[in-house]
Amino acid sequence: MGETLYSNVTYVAVNQDFRESKLNLLWTLKTLRVKKLCLLQVHIPFSLNPSSCGLDESEINAIQDSELKTSYDSLYKYRDICTNEGVNEKDVGISLVSGYGVGEEIVKLINQNNIKKLVMGAAADPHYSRGMSITSRKAEYVSQHAPTRCKIWFICKGKLIKTREGSFDLGNPSDSFTELHTSTQNPNKGNDPDKDHSVSNGSEADCAPEDYLCPISKDIMRDPHVAADGFTYEAKNIRYWLNIGNNTSPNTGARLAHRDLTPNYTLRSLIKDWLQHHPNYKH
């Protein structure tokens with residue numbers, strides 16, 4: 001099945017506010033001088049009830065597909081920035097994750113993919129002021145709940161605000177923080193809705209094997225299919241990727257020789273068996 005492109009790279013969280021995330025991405029490219037990176041975006045699904053909104057299911061699906069396409073288009077714009085800065089296109093992965101909690105989904109992805117380096121925004125808006133601290137609830141949630149092995153740079157408008165150093169010392173549960181500036185501003189306490197949905201890191205036994213996760217959604221696969229690039233994807237995800245006009249591999253960026261998909265029955269059986277032995281697995 002091959003090794004995923006994202007196994008040992010720097011992840012950069014971006015959003016559809018292109019002006020804000022562009023500056024943070026440029027900081028990553030020029031300061032960290034990364035050779036391989038993955039552009040991460042959490043997509044909040046469009047949710048409507050057909051009975052209450054007056055739209056039929058096909059119309060709602062069309063709106064959802066349009067929103068997903070917009071998210072992918074923004075990721076391609078960020079990828080163009082990387083290539084313009086000299087990064088090889090095949091070394092720039094994209095990861096679009098759907099969920100209703102941005103902080104939760106990022107922490108979940110860190111655990112699933114054993115991510116060791118992450119860059120993300122530090123502020124709820126792109127306003128930067130000297131001496132500022134983290135003001136984004138999403139960033140605060142990630143800083144508190146991400147495993148200690150992951151080093152995180154928090155950026156605002158292309159300025160480094162805080163670095164959470166990664167650590168493999170399991171005997172010390174506290175994280176190491178490096179502040180750029182001293183500040184009397186206290187982090188938000190008791191007002192973060194994300195904290196009502198605390199994520200447990202869990203044991204390795206409860207983490208699905210990486211090969212069981214779709215490279216596009218990072219969720220465990222139920223209907224795995226092999227594409228022309230030799231990688232296995234959840235069928236609905238790779239079909240959508242192809243149906244919106246892509247003719248390249250989501251994993252490598254190389255042009256696909258064809259659009260045919262082949263069911264991976266062996267992997268499907270392995271995943272089914274694994275899920276039966278891990279009934280508490282949450283995904």
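Quick note on UniProt numbering: the sequence shown kicks off at 1 and runs consecutively.
Glycine included, C-beta positions come from ideal geometry on N, C-alpha and C.
If you're wondering where the values come from, they're calculated on a predicted model, not measured in any experiment.
- In chain order, Lys157 and Gly158 place their CB closer than 6 Å to the CB of Leu23, counting only its own chain and leaving out the 5 sequence neighbours on each side.
- For Val9, same chain residues with a beta-carbon under 6 Å away, outside a window of 5 residues either side, are Lys36, Leu37 and Cys38 in chain order.
- With respect to Ala62, Val107 sits apart: the two C-beta atoms are not nearer than 7 Å.
- By a beta-carbon distance limit of 8 Å, Lys218 contacts Gln112. Their separation comes to about 6 Å.
- With a threshold of 16 other beta carbon atoms within 10 Å, Pro250 meets it and is buried.
- Assigned with DSSP and collapsed to three states, Lys159 falls in strand.
- The residue from His225, His278 and Lys77 with its alpha-carbon nearest to that of Asp260 is His225.
- Following the DSSP letters along the chain, one finds Ala13 inside the beta strand (DSSP E) bounded by residues Thr10 to Ala13.
- The segment 13–21 makes contact with the segment 68–76; the number of CB pairs closer than 8 Å reaches 3 or more.
- Within its own chain, the residues whose Cβ lies closer than 6 Å to the Cβ of Ala257, once the five positions on either side in sequence are excluded, are Ala228, listed in chain order.
- Within 10 angstroms of the beta-carbon of Thr28 lie 16 or more other beta-carbons, which makes it buried.
- Put simply, the backbone Cα of Val92 is about 35 Å away from that of Gln276.
- Within the UniProt domain "U-box" (207–281), the complete beta strand (DSSP E) segments of 3 residues or longer fall at 224–226 and 232–234, listed in chain order.
- Judged by DSSP in its simplified three-state form, Gln16 adopts coil rather than helix or strand.
- Judged by DSSP secondary structure, His43 falls within the beta strand (DSSP E) whose first and last residues are Leu37 to His43.
- In terms of Cα proximity to Tyr281, the closest of Gly131, Gly166, Cys207 and Arg268 is Cys207.
- Contact annotation: Leu32 and Val12 have beta-carbon atoms that are not nearer than 7 Å.
- Burial is judged here by how many other beta carbons sit within 10 angstroms of a residue's own beta carbon; Ile94 has at least 16 and is buried.
- In this structure, Ile134 is the residue among Arg239, Tyr233, Ile134 and Thr148 with its C-alpha nearest to the C-alpha of Ala124.
- Within its own chain, the residues whose Cβ lies closer than 8 Å to the Cβ of Lys151, once the five positions on either side in sequence are excluded, are Lys116, Lys117, Leu118, Thr163, Arg164, Glu165 and Gly166, listed in chain order.
- In the structure shown, the three-state DSSP call for Lys116 is coil.
- Contact check for Val34 against Gly99 fails: the beta carbons are separated by 7 Å or more.
- Ile60 sits in a helix when the DSSP states are folded into three classes.
- With fewer than 16 other Cβ atoms inside 10 Å of its own Cβ, Ala254 counts as exposed.
- Here DSSP, grouped into helix, strand and coil, assigns Arg33 to coil.
- Looking at the backbone, the Cα of Arg268 and that of Gln144 are separated by about 35 Å.
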